[in-house]
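Heads up: the structure comes next, in structure tokens.
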Amino acid sequence: MNLIDNGRKSWEWATSHMRIMGAIVNQHVNDKPLSGLRLGLSLHITKETSVLVTAAIELGAKVSLCSANPLSVRDDIVAFLSSCGVKVYAWKDETEREYYDNLKQVLENNPHIVTDDGANLHVMAHKNKTFGILGGTEETTSGITRLKALEKEGKLRYPVIGVNEAHTKHLFDNRYGTGQSTLTGIIKLTNVLIAGKHIVIFGYGNVGRGVATRARGMGAIVTIVEVDPLKALEAYMDGYGVKKIDQVVQNGDIFITCTGQKNVISEKHFKKMKSGALLANAGHFDNEIEVEKLFSSSYEHYSIKQYLDCFNINGRRIILLAKGRVVNLVAGEGNPPEVMAMSFANQLLSILHIFQHHKRMQKKVFSVPEKIDNNVARLSLKYLHISIDKLNAVQRKYAQSY
Ligand SMILES: NC(=O)c1ccc[n+]([C@@H]2O[C@H](COP(=O)([O-])OP(=O)(O)OC[C@H]3O[C@@H](n4cnc5c(N)ncnc54)[C@H](O)[C@@H]3O)[C@@H](O)[C@H]2O)c1
0 MNLIDNGRKS
10 WEWATSHMRI
20 MGAIVNQHVN
30 DKPLSGLRLG
40 LSLHITKETS
50 VLVTAAIELG
60 AKVSLCSANP
70 LSVRDDIVAF
80 LSSCGVKVYA
90 WKDETEREYY
100 DNLKQVLENN
110 PHIVTDDGAN
120 LHVMAHKNKT
130 FGILGGTEET
140 TSGITRLKAL
150 EKEGKLRYPV
160 IGVNEAHTKH
170 LFDNRYGTGQ
180 STLTGIIKLT
190 NVLIAGKHIV
200 IFGYGNVGRG
210 VATRARGMGA
220 IVTIVEVDPL
230 KALEAYMDGY
240 GVKKIDQVVQ
250 NGDIFITCTG
260 QKNVISEKHF
270 KKMKSGALLA
280 NAGHFDNEIE
290 VEKLFSSSYE
300 HYSIKQYLDC
310 FNINGRRIIL
320 LAKGRVVNLV
330 AGEGNPPEVM
340 AMSFANQLLS
350 ILHIFQHHKR
360 MQKKVFSVPE
370 KIDNNVARLS
380 LKYLHISIDK
390 LNAVQRKYAQ
400 SY
């Protein structure tokens, strides 16, 4: 509990960069629209997340919280949130078993709404009990993919809003936020110079595109590996080299996975990489790089420091960052507060929407209502002190004419 003060200061710092969260709270605080709501959260426990949690409490919710990743917890934030009355089941560097036990603890608080990042809590609820759960929200691309698979098989048992579908989420958090924080995480762990390095990025979706832009801006030579022809074409027209993995695996200095797929970099690739190659993952799960094969195909493994592991394969050193888990959250502080403000404004308003409308919602994965998305965009511009023009009457009419 001696960490409470540190946690509070970080919460204050994040709050000052997430002013739209305060604006949303002020709009609703008198009505306390989340009164009576038990909210169960599984999110990366960062200073930005603490702003979402305190906002939900101010609107009347009772919150229990665990981490969306065993390595992404900040203990001072846990201490601070505990002091605010949140039931927090998390600590830095949980084992896999502790991580799943903590998810279970959140479900034992009988949440009405489950808010998740990656869908492990949703899936656990579906395997055990969904009784009493009115609905859910899901933060990230990979989690939505899993929930849509449940929906397709007719097994989704409550309505879910896919927060990542909001334009004000994926166009900013995934692209600018993860773009920057992935490189911050890599630099913090290794201190390598990015300029002149050959960086190979897997996936040119929102995350991959963001990482590519930042890497190029810092002077790296960037090559994209894709499986989607449209995304590959986009990367090409944006001026990147686009290649198959087998064409670049021998030349890359840093490999970054951003796909949401599994085994993207596998054993056959490790064996061809040059000595000193760095492997990092920005995708949600730790299965994009086949980490267990790094262990089984190397004759020596040692830690250079925490979260920086060296594997000796056929006399060449292959370096794994953050144990193959989300490098921006394990090695860095995650995405910056300015973009998390937009993501969590969507989260908070989506939680409110589900709480108020769940009875009329089918058991499906929904996008964030357009009204919420537009509201978040407008508020964000306001706090950036940016004014924009409006269509005049003639232009409005012209836009509707044929
Ligand atoms: N680290 C973070 O803070 C953070 C933030 C947001 C999203 N994410 C996660 O990052 C991942 C990517 O998210 P996104 O929003 O960019 O998704 P996206 O769907 O927009 O992009 C993924 C891209 O990867 C490509 N791809 C799939 N398999 C591939 C393969 N084997 N080789 C090469 N390319 C492949 C797809 O064609 C697609 O273009 C997801 O797991 C998501 O949950 C992480």
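With numbering that gives the first Met the number 0 applied, the sequence shown covers 0 to 401. Backbone N, C-alpha and C fix where the C-beta goes; we use that ideal spot for every residue, glycine too.
Between the Cα of residue i and the Cα atoms of the options, which residue gives the shortest distance?
i, options, result
"residue 132", "356, 140, 112, 363", "112"
"residue 226", "237, 263, 247, 254", "263"
"residue 255", "28, 206, 218, 11", "206"
"residue 210", "69, 186, 181", "181"
"residue 29", "116, 342, 329, 54", "54"
"residue 19", "110, 395, 371, 202", "371"
"residue 138", "130, 224, 121", "121"
"residue 114", "95, 81, 60", "60"
"residue 93", "11, 86, 43", "43"
For residue i, is the beta carbon positioned less than 8 Å from some heavy atom of ligand 1?
i, result
"residue 279", "no"
"residue 203", "yes"
"residue 65", "no"
"residue 187", "no"
"residue 72", "no"
"residue 104", "no"
"residue 260", "yes"
"residue 206", "yes"
"residue 180", "yes"
"residue 164", "no"
"residue 390", "no"
"residue 283", "yes"
"residue 198", "no"
"residue 9", "no"
Residues in the same chain with beta-carbon distance under 8 Å from residue i, minus the five sequence neighbours each way, listed in chain order, please.
i, result
"residue 249", "271, 272, 273"
"residue 360", "134, 158, 353"
For ligand 3, is there any heavy atom lying closer than 8 Å to the beta carbon of residue i?
i, result
"residue 175", "Among the ligands in the structure shown, ligand 3 does not appear; only ligand 1 can be found there."
In chain order, what residues of the same chain lie with their CB nearer than 7 Å to the CB of residue i, ignoring the 5 residues before and after it?
i, result
"residue 215", "221"
"residue 65", "41, 88, 89, 101, 102, 104, 105"
"residue 78", "0, 2, 3, 6"
"residue 367", "160, 162, 164, 165, 345, 349"
"residue 265", "289, 292"
Within 10 angstroms of its Cβ, does residue i collect 16 or more other Cβ (buried), or is it exposed?
i, result
"residue 73", "buried"
"residue 294", "exposed"
"residue 163", "buried"
"residue 429", "Because the chain here runs from 0 to 401, residue 429 falls outside it and cannot be looked at."
"residue 320", "buried"
Return no unless some Cβ of chain D is closer than 9 Å to the Cβ of residue i.
i, result
"residue 285", "This model lacks chain D altogether; it includes just one protein chain."
Going along the chain, which residues of its own chain have a beta-carbon closer than 6 Å to the beta-carbon of residue i, five neighbours each way excluded?
i, result
"residue 315", "274"
(message) Quick check for students: name the residue ranges of the alpha helix (DSSP H) that lie wholly in the region 324-395, counting only runs of 4 or more.
(response) Fully enclosed alpha helix (DSSP H) runs of 4 or longer: 326-329, 336-356, 369-382.
(message) I'd like the ranges of any beta strand (DSSP E) spanning at least 3 consecutive residues and lying wholly in the region 280-312.
(response) 299-304, 307-312
(message) My parser needs the alpha helix (DSSP H) runs of 4 or more residues fully inside the region 35-69; what are they?
(response) 46-57
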